[in-house]
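> Residue numbers (our numbering), protein chains in the order written: chain A, 1 to 325; chain B, 1 to 325; chain C, 1 to 325.
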Amino acid sequence: MENPFFKNTGPHKLNKLLKLINFKDQNSSDFVVNDIKDLSTSEIGDITFFHSKKYLSFAKTTKASFCITTENLKEFLPKNCKAIVSENVLLNTAQITQIFYPESTIDNFDDTVEDINKTEFKNKVKFGKNILIGKNVKIGSNCSIGHNTIIEKNVIIGDKCSIGSNVIIRNSLIENNVHILDRCVIGKKGFGFFPNKDSNLRYPQIGVVIIRDNVEIGCGATIDRGSLSNTIIGKNTFLDNQIHIAHNVKIGENCVIAGQVGFAGSSTIGNNVFIGGQAGISGHIKIGNNVQIGGGSGVIKDISDNTKVMGYPAKNIKQFLKENK
Amino acid sequence: MENPFFKNTGPHKLNKLLKLINFKDQNSSDFVVNDIKDLSTSEIGDITFFHSKKYLSFAKTTKASFCITTENLKEFLPKNCKAIVSENVLLNTAQITQIFYPESTIDNFDDTVEDINKTEFKNKVKFGKNILIGKNVKIGSNCSIGHNTIIEKNVIIGDKCSIGSNVIIRNSLIENNVHILDRCVIGKKGFGFFPNKDSNLRYPQIGVVIIRDNVEIGCGATIDRGSLSNTIIGKNTFLDNQIHIAHNVKIGENCVIAGQVGFAGSSTIGNNVFIGGQAGISGHIKIGNNVQIGGGSGVIKDISDNTKVMGYPAKNIKQFLKENK
Amino acid sequence: MENPFFKNTGPHKLNKLLKLINFKDQNSSDFVVNDIKDLSTSEIGDITFFHSKKYLSFAKTTKASFCITTENLKEFLPKNCKAIVSENVLLNTAQITQIFYPESTIDNFDDTVEDINKTEFKNKVKFGKNILIGKNVKIGSNCSIGHNTIIEKNVIIGDKCSIGSNVIIRNSLIENNVHILDRCVIGKKGFGFFPNKDSNLRYPQIGVVIIRDNVEIGCGATIDRGSLSNTIIGKNTFLDNQIHIAHNVKIGENCVIAGQVGFAGSSTIGNNVFIGGQAGISGHIKIGNNVQIGGGSGVIKDISDNTKVMGYPAKNIKQFLKENK
Numbered sequence: 001m002e003n004p005f006f007k008n009t010g011p012h013k014l015n016k017l018l019k020l021i022n023f024k025d026q027n028s029s030d031f032v033v034n035d036i037k038d039l040s041t042s043e044i045g046d047i048t049f050f051h052s053k054k055y056l057s058f059a060k061t062t063k064a065s066f067c068i069t070t071e072n073l074k075e076f077l078p079k080n081c082k083a084i085v086s087e088n089v090l091l092n093t094a095q096i097t098q099i100f101y102p103e104s105t106i107d108n109f110d111d112t113v114e115d116i117n118k119t120e121f122k123n124k125v126k127f128g129k130n131i132l133i134g135k136n137v138k139i140g141s142n143c144s145i146g147h148n149t150i151i152e153k154n155v156i157i158g159d160k161c162s163i164g165s166n167v168i169i170r171n172s173l174i175e176n177n178v179h180i181l182d183r184c185v186i187g188k189k190g191f192g193f194f195p196n197k198d199s200n201l202r203y204p205q206i207g208v209v210i211i212r213d214n215v216e217i218g219c220g221a222t223i224d225r226g227s228l229s230n231t232i233i234g235k236n237t238f239l240d241n242q243i244h245i246a247h248n249v250k251i252g253e254n255c256v257i258a259g260q261v262g263f264a265g266s267s268t269i270g271n272n273v274f275i276g277g278q279a280g281i282s283g284h285i286k287i288g289n290n291v292q293i294g295g296g297s298g299v300i301k302d303i304s305d306n307t308k309v310m311g312y313p314a315k316n317i318k319q320f321l322k323e324n325k
Numbered sequence: 001m002e003n004p005f006f007k008n009t010g011p012h013k014l015n016k017l018l019k020l021i022n023f024k025d026q027n028s029s030d031f032v033v034n035d036i037k038d039l040s041t042s043e044i045g046d047i048t049f050f051h052s053k054k055y056l057s058f059a060k061t062t063k064a065s066f067c068i069t070t071e072n073l074k075e076f077l078p079k080n081c082k083a084i085v086s087e088n089v090l091l092n093t094a095q096i097t098q099i100f101y102p103e104s105t106i107d108n109f110d111d112t113v114e115d116i117n118k119t120e121f122k123n124k125v126k127f128g129k130n131i132l133i134g135k136n137v138k139i140g141s142n143c144s145i146g147h148n149t150i151i152e153k154n155v156i157i158g159d160k161c162s163i164g165s166n167v168i169i170r171n172s173l174i175e176n177n178v179h180i181l182d183r184c185v186i187g188k189k190g191f192g193f194f195p196n197k198d199s200n201l202r203y204p205q206i207g208v209v210i211i212r213d214n215v216e217i218g219c220g221a222t223i224d225r226g227s228l229s230n231t232i233i234g235k236n237t238f239l240d241n242q243i244h245i246a247h248n249v250k251i252g253e254n255c256v257i258a259g260q261v262g263f264a265g266s267s268t269i270g271n272n273v274f275i276g277g278q279a280g281i282s283g284h285i286k287i288g289n290n291v292q293i294g295g296g297s298g299v300i301k302d303i304s305d306n307t308k309v310m311g312y313p314a315k316n317i318k319q320f321l322k323e324n325k
Numbered sequence: 001m002e003n004p005f006f007k008n009t010g011p012h013k014l015n016k017l018l019k020l021i022n023f024k025d026q027n028s029s030d031f032v033v034n035d036i037k038d039l040s041t042s043e044i045g046d047i048t049f050f051h052s053k054k055y056l057s058f059a060k061t062t063k064a065s066f067c068i069t070t071e072n073l074k075e076f077l078p079k080n081c082k083a084i085v086s087e088n089v090l091l092n093t094a095q096i097t098q099i100f101y102p103e104s105t106i107d108n109f110d111d112t113v114e115d116i117n118k119t120e121f122k123n124k125v126k127f128g129k130n131i132l133i134g135k136n137v138k139i140g141s142n143c144s145i146g147h148n149t150i151i152e153k154n155v156i157i158g159d160k161c162s163i164g165s166n167v168i169i170r171n172s173l174i175e176n177n178v179h180i181l182d183r184c185v186i187g188k189k190g191f192g193f194f195p196n197k198d199s200n201l202r203y204p205q206i207g208v209v210i211i212r213d214n215v216e217i218g219c220g221a222t223i224d225r226g227s228l229s230n231t232i233i234g235k236n237t238f239l240d241n242q243i244h245i246a247h248n249v250k251i252g253e254n255c256v257i258a259g260q261v262g263f264a265g266s267s268t269i270g271n272n273v274f275i276g277g278q279a280g281i282s283g284h285i286k287i288g289n290n291v292q293i294g295g296g297s298g299v300i301k302d303i304s305d306n307t308k309v310m311g312y313p314a315k316n317i318k319q320f321l322k323e324n325k
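1. Measuring straight from C-alpha to C-alpha, what distance separates Glu152 of chain C and Val208 of chain C?
2. Looking at the secondary structure, which residues open and close the beta strand (DSSP E) in which Leu173 of chain B lies?
3. Is the distance from the Cβ of Ile115 of chain A to the Cβ of Gly134 of chain A below 8 Å?
4. Please confirm whether His147 of chain A has its beta-carbon closer than 8 Å to some beta-carbon of chain C.
5. Let's test the definition: count the other Cβ atoms within 10 Å of the Cβ of Asn88 of chain C and tell me whether it reaches 16, buried, or not, exposed.
6. Out of A:Ile106, A:Asn108, A:Gly164 and A:Ile157, which has the shortest C-alpha to C-alpha gap to Ile131 of chain A?
7. Per DSSP, which one or two residues make a beta bridge with Ser144 of chain A?
8. Flag this pair as yes or no: are the beta carbons of Lys129 of chain A and Ile157 of chain A separated by less than 8 Å?
9. What residues in the segment 150 to 174 of chain A bring their beta carbon closer than 8 Å to a beta carbon of chain B?
10. 8 Å is my cut-off, CB to CB: does Tyr203 of chain C come that close to chain A?
11. Three or more beta-carbon pairs under 8 Å between the segment 57 to 76 of chain C and the segment 316 to 325 of chain B, yes or no?
12. Quick check on DSSP: helix, strand or coil for Glu87 of chain A?
13. Going by CA-CA distance only, name the one from B:Leu321, B:Ile300, B:Gln292 and B:Lys286 that's closest to Lys301 of chain C.
14. Is Ser172 of chain B closer than 8 Å to Ile211 of chain B when the C-beta atoms are compared?
15. At 7 Å on the CB atoms, spell out the chain A contacts of Pro313 of chain B, in chain order.
16. Tell me the rounded alpha-carbon separation between Arg170 of chain B and Lys160 of chain B.
17. Count the other CB atoms within 10 Å of the CB of Thr61 of chain B; is the residue buried (16 or more) or exposed (fewer)?
18. How far does the beta strand (DSSP E) with Lys308 of chain C in it reach, from first residue to last?
19. Name the chain C residues that come within less than 7 Å of Gln327 of chain B, Cβ to Cβ?
20. Could you round the C-beta distance between Phe31 of chain B and Leu14 of chain B to whole angstroms and report it? I think they count as a contact, below 8 Å.
21. Could you tell me which residues DSSP puts in a beta bridge with His247 of chain C?
22. Could you give the residue range of the beta strand (DSSP E) that holds Lys188 of chain A?
23. Report the neighbours of Gly298 of chain C on chain E: residues whose CB is nearer than 7 Å to its CB, in chain order.
24. Which residues does DSSP list as the beta-bridge partners of His51 of chain B?
25. The beta strand (DSSP E) that contains Asn15 of chain B, what's its start and end?
26. Taking the CB atoms as reference points, tell me whether Val215 of chain C and Val178 of chain C lie closer together than 8 Å.
27. Which residue comes first and which comes last in the alpha helix (DSSP H) that contains Asn59 of chain B?
28. Examine the Cβ distances between the segment 264 to 278 of chain C and the segment 243 to 250 of chain C and report whether three or more of them are shorter than 8 Å.
29. Please name the residue or residues paired with Arg202 of chain C in a DSSP beta bridge.
30. If the cut-off is 8 Å on Cβ atoms, which residues from the segment 240 to 253 of chain C count as contacting chain B, listed in chain order?
31. Evaluate Glu71 of chain B with the Cβ neighbour count: other Cβ atoms within 10 Å of its Cβ, from every protein chain shown; 16 or more gives buried, anything less gives exposed.
32. Under 7 Å between beta-carbons, which chain C residues line up against Asn289 of chain A? List them in chain order, please.
33. With which residues is His179 of chain B paired in a DSSP beta bridge?
34. Residues of chain B with CB under 7 Å from Ser199 of chain C, in chain order?
35. At the level of alpha carbons, what is the spacing between Asp224 of chain C and Ala258 of chain B?
36. Which residues does DSSP list as the beta-bridge partners of Ile68 of chain C?
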C-alpha cells in the first residue's frame, strides 16, 4: 500500500543518495533504489538498514536489494542484498530516509483543515463545535466527534467510532468501533533523533498509528507513529487514562492497560496482557501472550508467555511478594 | 437526591430484569425494584450486589431488598435482603445497571452545549473565548472560566471558583472556591468493564465527581466519575499537575498530592495525607489520616493513621531508608 | 531586567511591610525596600530570605540589604545584610512577596487575548485556526503556531519556533528554533503553598519559564514557572511526551529526557544528562554533567558528574543490575 501520509520522492539512484550524504565510499554504479524500509518489510529494489545482531533473523531473510550495515554485520546478509558498509548506520539511514521522505521530521499543524461544517461530513457524522478536518480524511458511518477535535489530512476512521473532545489525530488508520476519549494526541512523530551537540538530528518518522477494531483509548493518551515500521494497537485492547506509547510499539489483542502506563519505543506486547497502573515497559523488548504485569513494575527484559511479574526490575510475582512481605 | 446526570428508568419488575439478562433461575414473583445501588447506599426496594468478603461489614447492614451475590456469600445478608444467586455477580450487576441507566456507559460529547455568550452566564461569569456550556449547568457568583473550556450538561459549580483553559467537566458537582487548572478532564466514565474476548463489556458508571470547598486541581488531571458510588475530593486538598484519579476514589481533607500521582479505583484516602510525586496507590485500599507517602512509592496495602511510608511496595520510611543507604 | 509578567509595586518602606504582615518585632526605622528576590539574585536595597543551611553559600555572599531568616541562621549573613528574625520564614516571605507582586498567585485566563487574525502577527506568522494572542506578545520570524493555541500576554518567542496545537504558554521567554509540541501547558504557577487547615496559603510565583535555543518539548508537558527564581530548559535539550517540570527546575544543555519523567521543584540538572522514561527527580537536588539515569529510577539525592545510576532510590547502575539479576 502506498503510504498515505508521507510521499516517497523515490526512486533515487544509489550513487546520488550516497553523494548527498557525503558518503566516503561512493558507489559508481547506476543502481536504482525505490524506497527505504526496515529489514522485514523491504522488497526488491528497496534499501534497508541492519545495525544490531538483535535483528539477525530479519536480516537473514530480507528481500531488500541494499542494506546500510557495519563491517561486522555484512556477512549475515543474504546474497540478493548488497551491503553498504557505514561507520554510523543509524545516522546514514536517517539521512537517506530524509531524502526519500523530506516532510517526515516536521510535525507542524495541518494547514489543509477546514471547519467540519464546510466538509462532506456535515451530514454524515454526529459532531460537536469547532471541529477541524484535514484534506482527504475518510470517516465511516455512525461516527461521533467531540468539540474542538482536529482530524488531520489523510487520516482514515472506520465505522461506529467515537472520538472525544480536544483530541488531535494525525497519520493514523483507525478501524471500526474504536473509542478515543478526550484530549488524546495520536500520530505525533516519535522521540527519535541522534543526539548531537548544540543541535540534535531528527530521525525520520514515516510510520503510522494503526488502531484495530473495538479498541478504547482513555483520556490524555499520547501514541506516537512509527519511524520506519508502524505503531499498532490490537483488537479489543482497552487503555486507561494518561498512557504514553512510543513509536513502533505493537500491542496485541484483548489487552487491558491501566492508567499512566508508559511504553518505550519498539517493544512488542502479546495478546491478553494485563498491565497495572504506572508500569513502564522498556524499549525493544518482547512481552508474550497472557502475561500479567503488576502496577508500578519496570519491565526491562523479555517476558515469556503465561507469566505474572511485578517489581522494578520486574520479576516473578510470587518471588516479588515473598521478598517484600 | 435524584441523580442529575443519569436518569433512572426504574422501577422495574424483578422478573423482567432477570429475564432481560437471560438469568437461568428466573423468579416468578412480582417484586418491584426501584434502583440499583451499592451495599451501603441502597434503600428499601433497591437491588445491590455483594461479590467479595471484603465488603462483609457493608453487606451485613445493607438496606437493599435484593442482592446479586454468590452461593457462598448469601448467608451473610440480612433477612430483609433477598439473595439472587449468580455465577457471575459483576457481569449480572453490569447488565442490570445498564437496564436502569442505559446511557451510563457512553461518554459521547454533550450535544446540548452552546457558546457561553448565548447563555444566562453571559453577564454573570467572567469568561474567555470559545467556551461551551451544556443544558441545566449551574454556576455560582464570582466565578471565572478560561478559553476553550467545556462545561457539560447538569454540572453544578459553586461560588468563587476558577476553571482554567481547555478544561472539560462533566457529571460533576463542584463546591465553592475550587480552582481547576488548565487541561483537566473531570467526570469521564471510569475504566470499568468486564474483559471479554473480541469485545469487552462496559460496566455502567452512574456516579459523579464531587469536589469540596477550597480544592485546587493542577493542570492535566484526569478524575473519573464513580461507577455506583462517587469520586470525592475533600475540602482544601491540593493536587499538583498530571494526576490521575480513577473511579470511586475518595480523598479526604487537607491533603497535598504532588505531580503525576495515580490512584487506582475505589481507594479511600484519609485527611492530612501528603503524597510525593509519581507515587501510585493501588485499588480498593484504605489509607488513614495524617499519612505521609514518599515520592515514587507504590502503595499496595492499607496504611494506618499517622504513618510515614516509602518504597515499592511501600513500607515504613525509616526501614526503607535504612535498607537503602 | 524588569519582570515583564509581574509588576513590582515597590519600593515599600520596611516598617510598612512588617506592619502589613503583623510582624511582632516591628522595625521603627525608615528603610526603603526595592524588591524581593532570592539570595543569589538580590541586589542592594532588596529583601531576601534564608531558611535552611542548604543555602549557606548563597547566604554568605548575598547582596540583599535585608533578609528574613531564623535566630540560628542570622549569624551567617554578611554585614551588609540586616537580619529580620522570623519564626516562620517562608510564611513571612510569602506575605511580603504578595505585597510586592499581588497578582502572582492567581492564574486566571488572560483576558487581553485576541484572535490572531486581529493582531500584527496576521501577516508575520504561519498559523492555524482559533488562535488567541495576548497583549504585548512578541514573536520572531519564521514561526508557526498550531490550532487552538493560546499565547498569553507578554510572552516572548524567538525566531524559527514551532508551537503545536492546543498549547497554552504564559509567563515564558522562548528563544530561537524551539519546538513545543501539542497540548503543552507552559508557565503555570508552581505547586507552592503553605499547607494550612481549611484554606492553604498560596506562595507567590513571580518567576518565568526560559526555554533556550533548539529545545524540543514533547506533547502534553507541564512546565511550571519559577517562584522567586526561574525555570530554565537549556540549549538543545529534548523532552519526550507527558513530562512534568516543577517550579525553579534548571535543566542544562544537550539533555535527553524520555517520556513521563517528573521533576520536583528547585532541582538542578547538568549538561548532557540522559534520563529514561518515568524516572522521578526529587526536589532541591543537584544532578551533575554527563549523568545517565535509568528508566523508572527515583533519584532522591545529588548525583555527581559522569555517573550512571538506576533504581529506587537510584544507585550506581552496575550495583543495581548486579543486585537484581
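From the three backbone atoms N, C-alpha and C, an ideal C-beta is built for every residue, glycine too.
With the structure as the only source:
1. 13 Å
2. For Leu173 of chain B, the uninterrupted beta strand (DSSP E) run begins and ends at Ser172 to Ile174, by DSSP.
3. The identity of residue 115 of chain A in the sequence shown is Asp, whereas the question assumes Ile. No, they are not a contact pair.
4. no
5. exposed
6. A:Gly164
7. A:Lys126 and A:Ser162
8. no
9. Ser162, Gly164, Ser165 and Asn166
10. no
11. no
12. coil
13. B:Leu321
14. yes
15. Asn324
16. 19 Å
17. For Thr61 of chain B, the number of other beta carbons within 10 angstroms of its own is below 16, and it is reported as exposed.
18. Lys308 to Gly311
19. Outside the shown range of chain B, which is 1 to 325, sits residue 327 of chain B, and nothing can be said about it.
20. Contact between Phe31 of chain B and Leu14 of chain B holds: CB atoms are separated by about 4 Å, below the 8 Å threshold.
21. DSSP output for His247 of chain C lists no bridge partner at all.
22. Run containing Lys188 of chain A: Val185 to Lys188, per the beta strand (DSSP E) assignment.
23. You won't find chain E in this structure, because its protein chains are A, B and C.
24. According to DSSP, which records beta bridges pairwise, His51 of chain B is partnered with nothing at all.
25. That residue, Asn15 of chain B, is in no beta strand (DSSP E); its alpha helix (DSSP H) goes Leu14 to Leu20.
26. yes
27. Looking at the sequence shown, residue 59 of chain B is not Asn but Ala. It spans Leu56 to Lys60 - the alpha helix (DSSP H) in which Ala59 of chain B sits, taken as one unbroken run.
28. yes
29. C:Phe193
30. Gln242, His244 and Ala246
31. exposed
32. Going along chain C, no residue has its Cβ under 7 Å from Asn289 of chain A, so there is no contact; the nearest lies around 24 Å.
33. B:Ser162 and B:Glu216
34. Asn214 and Asn236
35. 13 Å
36. In the DSSP output, where bridge partners are listed per residue, Ile68 of chain C has C:Phe49 and C:Ile84.
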